[in-house]
Each structure stands twice: as C-alpha cells, then as structure tokens.
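One gets our numbering by counting positions in the sequence shown from 1 and adding 6 to each. Think of the CB as a built atom: it goes at the ideal place given N, C-alpha and C, for glycine as much as any other residue. Remember, predicted model here, so these are calculated numbers, not experimental data. To keep things clear, I will list the structure first and then write my remarks on it.
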Amino acid sequence: MSRSDTGGRATRAWWKEAVVYQVYPRSFNDSDGDGIGDLRGIIEKVDYLDNLGIDVVWLSPVYDSPNHDNGYDIRDYRAIMAAFGTIADFDELLESLHDRDIKLIMDLVVNHTSNEHDWFQQSRRREAGYTDYYHWQDGPPEEPPNNWTSIFGGPAWTYDQTREQWYLHLFHETQPDLNWRNPQVRDDVSAMMRWWLERGIDGFRMDAINLLSKPAGYPDGAPGGEFVGGDHVFNGPRLETYLDALVDVLEGYDAMTVAEMSATDVETAAQYLEDGVGLGMIFQSAHLGLDAGPDGIWDPTDWGEIDLPTLKQTLTRWQTGLQGRGWNAVFLGNHDQPRIVSRFGDDSEYRRESATLLATLLLTLSGTPYLYQGDEIGMTNTTFDSLVEVDDVETIGSVTALFEDGFADDFADVQDLVNYWCRDHARTPMQWSDATHAGFSDHPPWLAVTQNYNEINLAAERARSGINSQPSTGSDTGAGSNSNSSSSSSSDSNSGSVSGSGSRSIWHQYRRLIELRHQEDTLVYGTYELHLPAHPHLYVYTRTLDDEVILVVLNWSETHSSLESAPIDPTNVEVLASNYQNPSPNPTAREFRPYEAGVYRSLTSE
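What follows is the structure in structure tokens.
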C-alpha cells in the first residue's frame with residue numbers, strides 16, 4: 007500500500023490501515039493442560055495469527071484478578087493472573103508478535119477495580135491518602151443512596167460493613183468504581199499506563215471509558231429502562247477532562263486508542279475525536295441494540311429481530327457522520343456479544359455464506375475492522391439448559407433480577423433469552439480441531455466447548471481450503487508465515503483477487519478479504535455512500551477515493567435478490583471478491599444468491 011498522502015480526506019495512520027483481532031486469553035489456547043487458556047497458549051498460535059494476516063492483537067485482560075468478571079475486575083494492574091502465566095510470558099508474547107510486525111494493545115479497565123485491589127482495601131479502612139479513591143456515601147444499611155441500578159442487575163450500591171458506608175459499582179459488587187474526581191487516582195492510572203507503554207505495548211482499548219465521570223450529589227435516575235442512572239453517568243460532566251488526562255499519557259508514543267462508549271451519539275463521538283481530545287476511534291453500540299427489547303437486552307417482551315433497512319440506516323449514520331471528523335471502529339462481535347453468525351446471519355443452512363457475507367461487511371466498511379476469535383471459522387452460539395451451566399455474571403444477575411421482579415418463575419421462562427444474549431456464547435473455547443475439547447486443551451475446559459465443534463473447527467476450514475496441516479501443539483505454522491504481507495501460499499493463490507477460488511472455507515475467505523483490504527487504499531481511506539436504503543434484502547454501498555470506486559453488494563437474505571440498477575457501470579467492472587463460486591461479472595445481470603456478497607471495482611473513468 008502506498009504511503010503517500012490521501013488528498014486531504016484522512017491523515018494516514020498505521021492503526022487506520024490495520025486489521026485488529028481480539029484474543030480472549032481464557033478461551034484461546036491452553037498450553038499447560040489445566041483447562042484454562044494462557045499466554046503461552048497464545049504464543050503457540052502466533053504464527054497462525056500471522057498467517058491469517060492480521061496486524062494488531064487486542065488482548066483482553068490478563069492482569070492479576072480474582073476473576074469474578076473474567077479479568078475485568080483487576081486486583082493488580084502490574085501483575086499477570088497466575089492462571090495465564092507470568093510477566094516473562096507476557097514479554098515473550100509481545101516480542102513474538104513484534105517479530106512478525108503484529109502490534110499488541112491491552113484492555114485499559116479503569117472505571118473500576120476489583121474490591122481486592124490494595125486501593126480499595128485501604129480506602130475501606132479510611133487509610134490516609136485513599137479515603138476518597140472510590141465513591142462512598144452515607145446512609146442506613148437498608149437504603150441505598152439513590153435508585154441507580156447496576157449494568158449487571160440489582161442496585162448499583164453495596165453497603166460496606168468495615169467502613170459503614172455505601173460504595174458505588176456500576177457493574178458487579180466486586181467491581182467498585184474509582185473516583186476520578188480525585189487527582190491522585192488520575193496520577194496513579196497515568197503511571198500504570200506509562201509502565202505498560204514503556205514495556206512496549208502499542209496502545210489501549212479503553213473499557214467502559216465514558217462512565218468515568220459521575221455527577222456531584224448522585225441524583226436519582228429516570229425510573230424504568232435497563233439501566234437506571236444511565237442518564238447521569240454516560241458521558242458525564244467532566245469526561246472530556248478525564249479523557250484528556252489519559253491521552254496526555256500517550257504523548258511521545260506512536261500508540262493507538264479505541265474507546266468503548268456505549269450510549270453515545272455521532273455528534274458526541276465526533277467531539278471526542280475532533281476537539282483535541284486525541285482518541286483514535288470509538289466503539290459505539292447503536293447497531294447492537296436493534297434486536298433488544300424496549301427496556302434493553304434483558305427485556306423479555308420484544309427482542310431478537312433485526313430489520314435490515316434499520317441496520318443499514320444505523321451503520322450509515324456512523325459511517326457518514328464521522329467522515330472527515332473522526333475514525334470508525336468497525337465491529338459486530340466481541341467477548342460481550344453473541345456470535346455474529348448466529349445473531350446477524352444464519353447459523354444453520356447458510357452458515358458459510360452468511361459468515362463470509364459478514365466478513366465482507368467488516369472488511370469493506372470505512373474504519374478499522376475488529377475481528378473476534380472464532381469468527382474466522384464461523385463459530386456459533388451454544389445452548390444452555392439451566393442457569394447452572396452459565397458462567398457470565400451479567401446473565402446470572404439479570405436473570406436473577408427477572409425472577410425477583412416476577413417476570414419469570416423458572417429457567418424455562420428465560421431460556422430463549424439466555425440462549426440469545428448470554429455473553430458466554432463468545433467465551434466458549436476456540437475450536438481448533440475435532441479432537442477432544444476441540445483441540446483447545448487435553449483437560450475439561452473452564453467453560454464447555456460448543457457442541458458442534460466436530461463439524462466447526464479450524465482444521466476442517468483448512469481442509470476446505472486444501473490446507474491440511476494443523477499442529478496440535480507447538481508453533482502453528484499453517485500454510486507458512488506471511489510476515490503480515492499480502493502474499494499467500496500457493497494453494498490459495500488467485501492472482502491477487504479473492505473471487506473465483508472455489509473454496510468453501512470461511513477461514514480462507516477471511517484471509518483473502520484481509521489481504522484485499524491491505525491492497526486497496528479505497529477500502530481504507532475512501533468515502534462511504536449508501537445506495538438502496540429501503541431495500542429489504544440488499545445492502546449496497548460504494549467506497550470512493552479520488553477516481554476509484556468500489557461497489558459492495560450484500561444479499562442479506564435467504565432468498566434470491568436482484569440488483570436492478572447499480573451506481574457504477576455494471577458492464578465495466580472487475581470482481582474483487584465473492585463468497586460464491588462463479589460470481590457474475592455484471593452485478594445486475596443475474597440474481598444474487600442467498601447471503602451472496604460481491605465486491606466490484608469500477609473500470610470506468612470518473
């Protein structure tokens with residue numbers, strides 16, 4: 007890819023041109039046979055990541071933690087959880103990635119800590135210098151200070167018998183919220199960030215970062231809805247000041263940032279991105295609420311349907327709203343969401359086709375694409391027959407609240423809801439092969455493997471690509487390391503085009519689409535324009551940079567659909583990508599098949 011200027015549309019940056027792959031360590035690969043994924047397990051798979059073609063690994067928390075919320079309750083920011091390994095293992099992983107030109111970003115979880123963190127223990131004992139590190143409020147033990155609720159269900163306040171005060175926790179009761187009004191808190195967080203940056207990491211994914219600022223007086227929230235108090239704590243009054251402090255730490259480091267900001271609109275996001283705050287990009291959640299009930303994802307009254315025109319409108323609002331003002335983070339799934347092929351596609355008859363359609367969307371929209379482990383092989387949701395099988399604290403807390411509020415009497419009443427929304431869907435072990443426990447471990451894993459691992463696994467995907475090597479242990483060389491370049495193994499070669507390979511491998515298609523994005527400036531820096539916004543089945547858009555136009559057509563349907571007219575001359579195009587064999591060289595010449603995705607370059611001079 008040329009490193010020249012892009013004509014003033016967007017300043018070049020390595021993180022804009024990157025493809026990010028999220029690794030959830032506990033479920034990625036177990037190296038020592040205890041049923042828990044670990045850092046050495048990731049090291050064993052670095053060549054696999056390199057061969058896939060990704061540029062950045064987003065590593066979910068590996069810090070020392072009692073693990074009430076799978077590592078998002080941090081006990082020590084400068085230590086590694088024993089189950090994951092040691093700081094020496096971390097350093098080796100970082101070096102191994104950097105040797106292959108793959109960067110690493112870490113989760114920055116600083117809205118809250120674990121209640122076992124030294125800061126909290128000293129604060130609850132009112133030790134000098136730590137008394138106001140957290141949000142403490144007076145009140146009788148039977149009456150919380152206000153009506154705020156936790157995102158995980160139940161009250162957002164817990165009474166501490168030692169201090170004889172209430173502390174705030176917007177998440178689990180074991181995750182007390184830090185008081186960012188205290189400058190010493192900000193200084194300690196900044197020092198911790200510098201410690202990791204000096205160690206060589208390449209940036210941060212900022213967890214729940216728009217919850218840092220709480221209003222003085224802790225006023226009651228508007229009653230009703232999924233999260234009472236959200237009107238006061240999302241994008242609070244001093245958030246920009248706190249974000250400035252975080253970004254100041256990055257001065258002098260060529261680091262990337264992506265900030266998780268739920269309940270944020272485009273205009274607010276643009277302010278954070280363009281008003282000197284210095285954030286790189288934002289994870290927004292507008293498209294993740296389209297299938298939720300009126301009162302949120304755990305509202306049992308009306309949920310589970312995604313209307314394509316509404317999805318197109320939502321994604322387009324962000325695609326066009328940030329053009330020239332900021333940078334999008336493009337994602338459909340992560341460790342907190344259902345599996346994307348089960349949620350946005352068809353995980354039965356058209357699993358391969360819909361999984362590769364979703365890959366096409368992710369890798370051709372404007373913004374930095376984020377892939378989640380297992381998406382590249384089309385992993386699906388699992389099923390739960392009882393609450394005992396669930397590990398996720400959010401699901402357990404929310405279902406318990408439904409029981410307490412009289413919305414359900416037993417698990418059967420909420421089973422469909424759990425089987426749709428539970429965060430454990432994304433956390434089941436990575437399915438490497440059809441061996442016992444999906445090749446993840448030779449020990450029963452911490453969370454049960456999804457039942458379909460015999461059919462859905464990496465080895466099977468490679469076999470469909472004509473690549474059969476899949477080591478069970480040690481370095482995963484696959485088809486050979488590509489050192490993050492756009493070259494491919496001979497078995498995948500197709501003259502630089504994704505189309506026409508004949509492969510039915512989801513993994514193969516991901517790899518080829520990543521390669522295509524690396525090759526095409528237009529897919530990185532080109533503007534986005536939606537076409538046919540009201541079409542019930544087709545998602546059609548163009549990416550334009552200077553005189554080049556790329557057309558993307560996605561038939562998001564189990565039925566055949568026709569593109570009656572195209573925004574480019576359909577008779578003069580090059581097929582860059584297709585997830586079907588024998589794609590039409592003219593996108594208007596024949597019907598698009600179920601979940602067919604096509605990417606076309608216009609050969610007509612503009």
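Check: According to the Cβ coordinates, are L623 and V29 closer than 8 Å?
Finding: The structure shown has nothing for residue 623, since the chain only spans 7 to 612.
Notebook entry, point to check: Is W20 helix, strand or coil when you go by DSSP?
Noted result: coil
Checklist line | C-beta atoms of R518 and R470 nearer than 8 Å | finding: no
Notebook entry, point to check: Of the choices R596, F598, I574, whose alpha-carbon is the least far from that of S608?
Noted result: I574
Item checked: Any chain D beta carbon closer than 8 Å to A444 -> Going by chain labels, chain D is absent from the structure shown, which holds only one protein chain.
Margin query: Between the alpha carbons of E602 and S584, how many angstroms are there, rounded?
Written below: 7 Å
Notebook entry, point to check: Between the beta-carbon of D440 and the beta-carbon of Y459, is there less than 8 Å?
Noted result: yes
Note to self: Taking its Cβ as the centre, do 16 or more other Cβ atoms sit within 10 Å of D208, making it buried, or is it exposed?
What the structure shows: buried
Note to self: Quick check on this structure: which residue in P306, D193, E170, S156 has the alpha carbon closest to the alpha carbon of F177?
What the structure shows: S156
Note to self: Contact defined as beta carbons within less than 8 Å: I believe Q615 pairs with Y27. What is the distance between those atoms, to the nearest angstrom?
What the structure shows: The first residue shown for the chain is 7 and the last is 612, placing residue 615 beyond what the model contains.
Check: Measuring CB to CB, does F240 end up less than 8 Å from A265?
Finding: no
Note to self: Under DSSP, the beta strand (DSSP E) around Y545 begins and ends at which residues?
What the structure shows: 544-551
Note to self: Please return the same chain residues whose Cβ sits closer than 6 Å to the Cβ of D353, not counting the five positions on each side in sequence.
What the structure shows: V347, T386
Next item on the list: Would you mind working out which of D416, D398, I473, Q421 sits nearest W452, comparing C-alpha positions?
Entry: D398
Next item on the list: Taking 8 Å as the cut-off, decide whether the C-beta atoms of H537 and T528 are in contact.
Entry: no
Check: According to the neighbour-count rule (16 or more other Cβ atoms, all chains shown, within 10 Å of its Cβ), is N588 buried or exposed?
Finding: exposed
Checklist line | Span separating the alpha-carbon of Y516 from that of S563 | finding: 20 Å
Notebook entry, point to check: How would you label R132, buried or exposed, when you count the other beta carbons within 10 angstroms and need 16 or more for buried?
Noted result: exposed
Check: Looking at P189 and P221, is the spacing between their C-beta atoms short of 8 Å?
Finding: no
Notebook entry, point to check: When the Cβ atoms of the segment 98-115 are set against those of the segment 67-81, are three or more pairs found closer than 8 Å?
Noted result: yes
Next item on the list: Give the single residue among P593, V558, I520, M262 whose Cα lies nearest to the Cα of D56.
Entry: I520
Checklist line | Unbroken beta strand (DSSP E) run spanning G351, endpoints | finding: Note, G351: premise wrong, no beta strand (DSSP E); not H, not E.
Notebook entry, point to check: What are the boundary residues of the alpha helix (DSSP H) that includes V394?
Noted result: From DSSP, V394 is part of no alpha helix (DSSP H); its letter is neither H nor E.
Next item on the list: Return the Cβ separation of H118 and N185 in integer angstroms, given the expectation that the two are a contact with Cβ distance under 8 Å.
Entry: Wrong, their Cβ atoms sit about 11 Å apart, outside the cutoff.
Next item on the list: Tell me G3's beta-bridge partners as DSSP assigns them.
Entry: Residue 3 cannot be examined here, being either before or after the span of the chain that is shown, 7 to 612.
Item checked: Cβ pair V420, V405 closer than 8 Å -> yes
Check: Grouping DSSP H, G and I as helix and E and B as strand, with all else coil, what is N216?
Finding: helix
Next item on the list: Keeping to the same chain, check which residues put their C-beta closer than 7 Å to that of V336; ignore five residues upstream and five downstream.
Entry: L368, L371, G373, T374, P375, Y376
Check: Exposed or buried, E614, counting other C-beta atoms within 10 Å across all chains shown (16 or more means buried)?
Finding: In this structure the chain extends from 7 to 612, so residue 614 is not present and cannot be described.
Next item on the list: Give the straight-line distance between the Cα atoms of W309 and G299, rounded to the nearest whole angstrom.
Entry: 5 Å
Check: Do you know how far the Cα of A276 is from the Cα of V581?
Finding: 34 Å
Next item on the list: Determine the direct distance from the alpha carbon of I473 to that of L624, and round the result to whole angstroms.
Entry: Given that the chain is displayed from residue 7 to residue 612, the structure contains no residue 624 and the question cannot be resolved.
Note to self: Considering only the alpha carbon of each residue, which of N216, L256, G302 lies closest to W427?
What the structure shows: G302
Check: Near T274, which residues of its chain fall below 7 Å by C-beta distance, leaving aside the five closest residues on each side in sequence?
Finding: N241
Check: Looking at the structure shown, is I111 part of a helix, part of a strand, or coil, going by DSSP?
Finding: strand
Note to self: Which same chain residues end up closer than 8 Å to L363 when comparing Cβ atoms and leaving out the 5 residues on each side of it in sequence?
What the structure shows: G351, L560, N561, W562, N585, Y601, E602, A603
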